[in-house]
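**Q** In this text, residue positions in the sequence shown follow our numbering: the first is 112, and each later residue adds one.
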Amino acid sequence: MIQTKSKAQWLTSVAIAAAIGGTAVPAAAQERAIAFTGARILTMAGEPIDNGTLVIQNGKILAVGSDVAVPADATRIEAKGRVIMPGIVDTHSHIGQVAGADGSGPIQPEVRAMDSIDPLASSIGKARAGGVTTVNIMPGSGHLMSGQTFYMKLRRGRTIEDIAFEMKNGAAIGGMKMANGTNPMGRSGFPGTRAKSASLVREVFTEAKAYCAGDKKKRELSKDALCEVLSGERLVHFHTHRADDIMTVLRLKKEFGFDVLIQHGTETYKVAAELAAAGVPVSNITLDAPGGKLETIDLRMDNAGILERAGVLVSIHSDDAIVDSRMLLREAGLAVRGGMTRDGALRALTINGAKQLRLDKRVGSLEAGKDADFLVLDGDPLSAYTHILETWVEGDKLFDRSRPEDLIMATGGYGAGSPMDASHHHWELAEEEGLE
112 MIQTKSKAQW
122 LTSVAIAAAI
132 GGTAVPAAAQ
142 ERAIAFTGAR
152 ILTMAGEPID
162 NGTLVIQNGK
172 ILAVGSDVAV
182 PADATRIEAK
192 GRVIMPGIVD
202 THSHIGQVAG
212 ADGSGPIQPE
222 VRAMDSIDPL
232 ASSIGKARAG
242 GVTTVNIMPG
252 SGHLMSGQTF
262 YMKLRRGRTI
272 EDIAFEMKNG
282 AAIGGMKMAN
292 GTNPMGRSGF
302 PGTRAKSASL
312 VREVFTEAKA
322 YCAGDKKKRE
332 LSKDALCEVL
342 SGERLVHFHT
352 HRADDIMTVL
362 RLKKEFGFDV
372 LIQHGTETYK
382 VAAELAAAGV
392 PVSNITLDAP
402 GGKLETIDLR
412 MDNAGILERA
422 GVLVSIHSDD
432 AIVDSRMLLR
442 EAGLAVRGGM
452 TRDGALRALT
462 INGAKQLRLD
472 KRVGSLEAGK
482 DADFLVLDGD
492 PLSAYTHILE
502 TWVEGDKLFD
512 RSRPEDLIMA
522 TGGYGAGSPM
532 DASHHHWELA
542 EEEGLE
């Protein structure tokens, strides 16, 4: 019997493969078009298409519609009875074992989430099982400014560069995480009141303005990051709950001119008109079991619906592990139960989040020329009985519910999908194929 790998080598390679999502369509196979036919397609760019066709090639969408010319040599996949929709854009998550600022101070804009993320973490595979294909990975909210966020594309990968949505000048694109309210208050060296929190933020931005204008005696990484915020290049993701804290964010935005996305926004329904007038979007969390923090006591299930009717651009996020990434379709269903429109809830999972992160030229809807990021489901996305059958990222099938090692990513509890657990299955296959 030919021994091509040692058992240790095999387990190592399989562990990596399991962590990054199992098998997928090889890159070479993408050179040939793939056509999904007969499906109900929710494009998020127009009305649903019954008996529709989606054609992908080389990681991009070639065409989508009810009357689409399919290349003669395309691989055809019959999808009758299935629903195809864009991959979910999660605007706030903590998968990948992310970390941010430490306890040395309340404001640390130079810290980069990309330097802490584990691309092989099983939480990434579980997010794919939940239909997530693009995500904003955030440091925590225990600081007024805890660092730079990381926009991740949940493609296969072993390094941070592999899974970065896009690299620019050697760094991954992303926003800036800020927070107010109770989380960043109270520790030694941190603000003790809401007023002091705002004054510290105002002070660092004022100093940064002079630095950005040319007063650079020496390079300061923290101020370089703040210059990107002040210029509008880097979006502020502001963790905030209470209505008074939300209005403080709007005052800071007006004073310093930065672009902001409200994160959580538990009481945004109380100031929906003000948010709409300011053109400030909201990344909303919808919980069916709220609690644990006094400032969220006024959480309402109809928050997203109120914002939608007020004209605020709303997305729905997981804050994983507050809400498991695999439960985002349920979160959208709860938003509908609270008064949001069905179309609005589905857009809140897809195109709205893409617009908020400024990534909508590539993701968030199924349109020709965009990335081939999509889900195949066995029913209505908002039904509790529906399963995600497949998750495709840039034309690569990275989750397939019919595979046992992928199914555990969809159904297992804490720690499910451990690379070493999955490796046992692959080792049995290796023995059957004569690799041992």
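Built from N, CA and C at the ideal position, the CB exists for glycine as well.
Since this is a predicted model, take the numbers as computed values, not measurements.
1) Below 7 Å CB to CB, which residues in the same chain sit around residue 473 once its five sequence neighbours on both sides are set aside?
2) Roughly how many whole angstroms lie between the Cα atoms of residue 202 and residue 238?
3) Which residues share a DSSP beta bridge with residue 315?
4) Which residues in the same chain as residue 373 place their Cβ atom closer than 8 Å to its Cβ, once the five residues preceding and following it in sequence are excluded?
5) Is the separation between the beta-carbon of residue 466 and that of residue 424 shorter than 8 Å?
6) For residue 155, collect the residues of the same chain with a Cβ closer than 8 Å to its Cβ; drop the 5 residues on either side in sequence, then sort them by chain order.
7) Just checking, does the stretch 270-282 make contact with the stretch 248-255 on the three C-beta pairs under 8 Å criterion?
8) What do you reckon, are the CB atoms on residue 255 and residue 289 nearer than 8 Å?
9) What residue range is occupied by the uninterrupted alpha helix (DSSP H) comprising residue 230?
10) Span of the beta strand (DSSP E) holding residue 408?
11) In three-state DSSP terms, what is residue 398?
12) Roughly how many whole angstroms lie between the Cα atoms of residue 329 and residue 335?
13) What's the call for residue 294, buried or exposed, on a 16-neighbour Cβ count within 10 Å?
14) Could you tell me whether the stretch 209-229 touches the stretch 177-194, where touching means 3 or more Cβ pairs closer than 8 Å?
15) What residue range does the alpha helix (DSSP H) around residue 516 cover?
16) Are three or more beta carbon pairs between the stretch 225-233 and the stretch 425-433 nearer than 8 Å?
17) What does the alpha-carbon distance come out to for the pair residue 159 and residue 187?
18) Under the DSSP definition of a beta bridge, which residues are partnered with residue 301?
19) Leaving out five residues on either side along the sequence, give the residues of the same chain with a beta carbon under 6 Å from the beta carbon of residue 520.
20) Out of 437, 499 and 514, state which residue places its alpha-carbon closest to the alpha-carbon of residue 206.
21) Excluding the five sequence neighbours on either side, which residues of its own chain have a C-beta within less than 6 Å of the C-beta of residue 524, listed in chain order?
22) Does the beta-carbon of residue 262 have 16 or more other beta-carbons within 10 angstroms, so that it is buried, or is it exposed?
23) Using 10 angstroms around the beta-carbon of residue 268, count the other beta-carbons present and answer buried if the total reaches 16, otherwise exposed.
24) For residue 353, which of 452, 365, 338 and 383 has the nearest alpha-carbon?
25) For residue 340 and residue 183, what's the separation of their Cα atoms in angstroms?
26) Entirely within the stretch 210-268 and at least 3 residues each: give me those beta strand (DSSP E) ranges in chain order.
27) In whole angstroms, give me the CA-to-CA distance for residue 398 and residue 420.
28) Pick out the complete alpha helix (DSSP H) segments inside the stretch 149-207, 4 residues or longer, and give them in chain order.
29) Spell out a yes or no on whether the stretch 405-412 and the stretch 501-513 are touching, meaning 3 or more CB-CB pairs, one atom from each, closer than 8 Å.
30) Taking only three categories from DSSP, how would you classify residue 548?
31) Output the boundary residues of the beta strand (DSSP E) element that contains residue 274.
32) Are residue 142 and residue 169 touching if we call contact CB-CB under 8 Å?
33) When you compare the CB positions of residue 439 and residue 242, do they come within less than 8 Å of one another, or not?
34) Taking Cβ to Cβ, would you say residue 285 is nearer than 8 Å to residue 260?
35) Just reading off the beta strand (DSSP E) that residue 483 is part of, what are its end residues?
36) Can you give the Cα-Cα distance for residue 444 and residue 246, rounded to whole angstroms?
**A** Here's the rundown:
1) As a position in the sequence shown, residue 473 is number 362, starting the count at 1. Answer for residue 473: 481 and 482, listed in chain order.
2) The residue you call residue 202 lines up with position 91 of the sequence shown. The residue you call residue 238 lines up with position 127 of the sequence shown. Between residue 202 and residue 238, the C-alpha separation is close to 13 Å.
3) As a working note, residue 315 is residue 204 in the sequence shown. Answer is none; residue 315 lacks a bridge partner.
4) In the sequence shown, residue 373 corresponds to position 262, counting from 1. Here the set comprises 349, 351, 357, 360, 379, 386, 391, 392, 393 and 394.
5) Position 355 of the sequence shown, counted from the start, is the residue given in the question as residue 466. Position 313 of the sequence shown, counted from the start, is the residue given in the question as residue 424. For residue 466 and residue 424, yes; Cβs fall inside 8 Å.
6) Start at 1 with the first residue of the sequence shown, and residue 155 comes out as number 44. Answer for residue 155: 196, 197, 457, 458, 461, 462, 475, 476 and 477, listed in chain order.
7) no
8) Start at 1 with the first residue of the sequence shown, and residue 255 comes out as number 144. Start at 1 with the first residue of the sequence shown, and residue 289 comes out as number 178. In contact: residue 255 and residue 289 (Cβ atoms closer than 8 Å).
9) Numbered from its first residue, the sequence shown carries residue 230 at position 119. From DSSP, residue 230 is part of no alpha helix (DSSP H); its letter is neither H nor E.
10) Start at 1 with the first residue of the sequence shown, and residue 408 comes out as number 297. Unbroken run through residue 408: none, as it is neither H nor E.
11) Here residue 398 corresponds to residue number 287 of the sequence shown, with the count starting at 1. Three-state DSSP puts residue 398 in coil, outside helix and strand.
12) Residue mapping note: residue 329 aligns to position 218 of the sequence shown, counting from 1. Residue mapping note: residue 335 aligns to position 224 of the sequence shown, counting from 1. Each residue's alpha carbon lies about 11 Å from the other.
13) Taking the sequence shown and counting its residues from 1, the one referred to as residue 294 is at position 183. So residue 294 counts as buried.
14) no
15) Numbered from its first residue, the sequence shown carries residue 516 at position 405. Here the alpha helix (DSSP H) through residue 516 covers 515-522.
16) no
17) As a position in the sequence shown, residue 159 is number 48, starting the count at 1. As a position in the sequence shown, residue 187 is number 76, starting the count at 1. Whole-angstrom Cα-Cα distance: 21 Å.
18) Translated into the one-based positions of the sequence shown, residue 301 becomes position 190. DSSP lists no partner for residue 301.
19) One-based indexing of the sequence shown puts residue 520 at position 409. These residues qualify, in order along the chain: 236, 237, 240 and 528.
20) In the sequence shown, the residue the question calls residue 206 occupies position 95. When only C-alpha atoms are compared, the closest one is 437.
21) The sequence position of residue 524 within the sequence shown is 413, counting from 1. So no residue of the chain qualifies.
22) Reading the sequence shown from its first residue, position 151 is the one you call residue 262. So residue 262 counts as buried.
23) What you label residue 268 is simply residue 157 of the sequence shown in a count that begins at 1. That one is buried.
24) As a first step, residue 353 is located in the sequence shown; it is residue number 242 there, counting from the start. Of the candidates 452, 365, 338 and 383, the one whose C-alpha sits nearest the C-alpha of residue 353 is 383.
25) For this step, residue 340 is matched to residue 229 along the sequence shown. For this step, residue 183 is matched to residue 72 along the sequence shown. Those two C-alpha atoms are separated by around 49 Å.
26) 243-248, 256-259 and 261-264
27) Taking the sequence shown and counting its residues from 1, the one referred to as residue 398 is at position 287. Taking the sequence shown and counting its residues from 1, the one referred to as residue 420 is at position 309. So the two alpha carbons sit approximately 20 Å from each other.
28) none
29) no
30) Residue 548 lies beyond the range of the chain shown here (112 to 547); nothing can be said about it.
31) Taking the sequence shown and counting its residues from 1, the one referred to as residue 274 is at position 163. No beta strand (DSSP E) holds residue 274; the alpha helix (DSSP H) holding it covers 271-274.
32) Stepping through the sequence shown from its first residue, residue 142 is reached at position 31. Stepping through the sequence shown from its first residue, residue 169 is reached at position 58. Against a cut-off of 8 Å, the Cβ pair of residue 169 and residue 142 comes out as a contact.
33) On the sequence shown, position 328 is the one that residue 439 refers to. On the sequence shown, position 131 is the one that residue 242 refers to. Yes, the pair counts as a contact, with Cβ atoms nearer than the cut-off.
34) Along the sequence shown, read from residue 1 onward, the residue named residue 285 stands at position 174. Along the sequence shown, read from residue 1 onward, the residue named residue 260 stands at position 149. For residue 285 and residue 260, yes; Cβs fall inside 8 Å.
35) On the sequence shown, residue 483 is found 372 positions in, with the first residue counted as 1. First-last for residue 483: undefined, no H or E at that position.
36) Translated into positions along the sequence shown, residue 444 becomes position 333. Translated into positions along the sequence shown, residue 246 becomes position 135. Between residue 444 and residue 246, the C-alpha separation is close to 20 Å.
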